[in-house]
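Everything in the sequence shown is counted per this note's numbering, starting at 1 for the first residue and increasing by one.
All residues carry an ideal CB built from backbone N, CA and C; glycine is no exception.
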Amino acid sequence: MSVTIFEGFHEVLLEVTFALLPLLIFFVVFQVFFLKLEKKRILHILIGMMLSFLGLSLFLQGVHVGFFPAGEVMGEKLGELPFNWVLIPIGFVLGFVATFAEPAVRIMNEQVEQVSGGYISEKVMLYTLSIGVGVSIALAMLRILLGFSLWYYLIPGYGLVLILMLLVSKTFIAIAFDSGGVATGPMTVTFILAIAVGVASVIEGRDPLMDGFGMIALVALAPILSVLLLGILYERKGRDKDEAESGS
1 MSVTIFEGFH EVLLEVTFAL LPLLIFFVVF QVFFLKLEKK RILHILIGMM
51 LSFLGLSLFL QGVHVGFFPA GEVMGEKLGE LPFNWVLIPI GFVLGFVATF
101 AEPAVRIMNE QVEQVSGGYI SEKVMLYTLS IGVGVSIALA MLRILLGFSL
151 WYYLIPGYGL VLILMLLVSK TFIAIAFDSG GVATGPMTVT FILAIAVGVA
201 SVIEGRDPLM DGFGMIALVA LAPILSVLLL GILYERKGRD KDEAESGS
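Structure below.
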């Protein structure tokens, strides 16, 4: 069992090493010429890098031996159900849970709350992104079931984004587009994408390559829209507050 689980692990270790090595080199250069940090601080940073190396390696190995196979099998079983419309609410739940557990999303939300001085709550951001991604996964499942083009989502979606950008502040625009990037993290890409491919592979008339993919484009779009809509609500709330204060 252990041999199967760690099969190909040396290749993963090599990939992670080449990915993190440039960061380590940059840190060493900056430490020598600019930072001049004390030894205790350097030790903490090096320990953090080592933990990141181990964590990434184990996670990627888990993706290869666990997430991908489990996601594909789940997708195949769900796609074979006689009432496969259930994929739509299941897609929403999976999208919500995956985003809720996404480490990159939580880090960005913490930064947003910190920089905004608590004006934009971390919890509000988390639920906004989770609901947005959940809706996008549900729509992606609907597209697989009905087999229509991805353009029916992307063109109106980004058109709406351009309109909403005219109605919100630059702060929410910046947060929105970063949200689209962090939401397409390892939890969504590795697990839910595998489910979508598995569903498309068993539904008659669907091509896993054509219909299973494209979901990540929707996942990237959904947080942008949801955060821009959140920005409109925040700014309306701010205007109502100003009007109340001026009236009193």
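Quiz item: Got a sec, what are the start and stop residues for the alpha helix (DSSP H) Leu120 sits in?
Solution: Before going on, a small fix: residue 120 reads as Ile here, not Leu. No alpha helix (DSSP H) holds Ile120; DSSP gives it neither H nor E.
Quiz item: Are Ile192 and Ile137 closer than 9 Å when you measure CB to CB?
Solution: yes
Quiz prompt | At least three beta-carbon pairs within less than 8 Å, the stretch 6-22 to the stretch 61-72 | solution = These segments touch.
Quiz item: What is the DSSP secondary structure of Glu298, reduced to helix, strand or coil?
Solution: Outside the displayed span of the chain (1 to 248) sits residue 298, for which this structure offers no information.
Practice problem: Look at Gly214 and Leu160 and say whether their C-beta atoms are less than 9 Å apart. | Solution: no
Quiz item: When you compare only the Cα positions, how much space is there between Val28 and Leu78?
Solution: 50 Å
Quiz prompt | Beta-carbon proximity of Glu122 to Val112, cut-off 9 Å | solution = The Cβ atoms of Glu122 and Val112 sit closer than 9 Å to each other.
Exercise. Give the single residue among Gly71, Pro82, Ser116 whose Cα lies nearest to the Cα of Arg98.
Key: First, the residue type needs correcting, since residue 98 is Ala and not Arg in the sequence shown. Among Gly71, Pro82, Ser116, the Cα nearest to that of Ala98 is on Gly71.
Quiz prompt | Ser57 vs Leu13 beta-carbon contact at 9 Å | solution = By the CB criterion at 9 Å, Ser57 and Leu13 fall inside the cutoff.
Exercise. Spatial neighbours of Ala101 within its chain, please: CB distance less than 8 Å, with the 5 preceding and 5 following residues excluded, ordered by chain position.
Key: Short of 8 Å from the beta carbon of Ala101, and not among the five residues preceding or following it, lie these beta carbons of its own chain, in chain order: Met187.
Self-check item: Backbone secondary structure at Gly205 - three-state DSSP
Solution: coil
Quiz item: Leaving out five residues before and five after Asp207 in sequence, what residues of the same chain have Cβ atoms less than 8 Å from its Cβ?
Solution: Excluding residues within five positions, the ones whose Cβ falls inside 8 Å are Ala200.
Quiz item: Between which two residues does the alpha helix (DSSP H) containing Glu72 stretch?
Solution: 68-79
Quiz item: Helix, strand or coil for Met1 per DSSP?
Solution: Caution is warranted here: a pLDDT of 46 is assigned to Met1, below 50, making its placement in the model unreliable, and the coordinate value is therefore given only provisionally. Met1: coil per DSSP, three-state reduction.
Self-check item: Under 9 Å between C-beta atoms of Thr190 and Val219
Solution: no
Self-check item: Candidates Leu230, Phe18, Leu51, of which the one nearest Leu126 by Cα
Solution: Leu230
Quiz item: What residue range is occupied by the uninterrupted alpha helix (DSSP H) comprising Glu110?
Solution: Note, Glu110: alpha helix (DSSP H), 103-115.
Quiz prompt | Runs of alpha helix (DSSP H) lying entirely within the stretch 148-186, each at least 4 residues, in chain order | solution = 151-165, 170-183
Self-check item: Nonlocal neighbours in the same chain, by C-beta distance under 6 Å from Gly198, ignoring five residues either side
Solution: Glu72, Gly75, Glu76
Quiz item: Which residue from Met141, Ala217, Tyr158, Ala196 puts its Cα closest to that of Val86?
Solution: Met141
Quiz prompt | Outcome for Met50 when other beta-carbon atoms lying within 10 angstroms are tallied against a minimum of 16 | solution = Around the beta carbon of Met50, fewer than 16 other beta carbons sit within 10 angstroms, so the residue counts as exposed.
Quiz item: Just how far apart, CA to CA, sit Gly180 and Gly55?
Solution: 24 Å
Exercise. Would you mind sorting Phe92 into buried or exposed? The rule is 16 or more other CB atoms within 10 Å of its CB.
Key: Taking all protein chains in view, the Cβ of Phe92 is crowded by 16 or more other Cβ atoms within 10 Å, so the residue is classified as buried.
Quiz item: Which residue from Ile203, Pro82, Val168 puts its Cα closest to that of Glu235?
Solution: Val168
Quiz item: From Ile163, Ile175, Val115, Leu209, pick the residue whose C-alpha is nearest to that of Ile144; which is it?
Solution: The shortest Cα separation from Ile144 among Ile163, Ile175, Val115, Leu209 belongs to Leu209.
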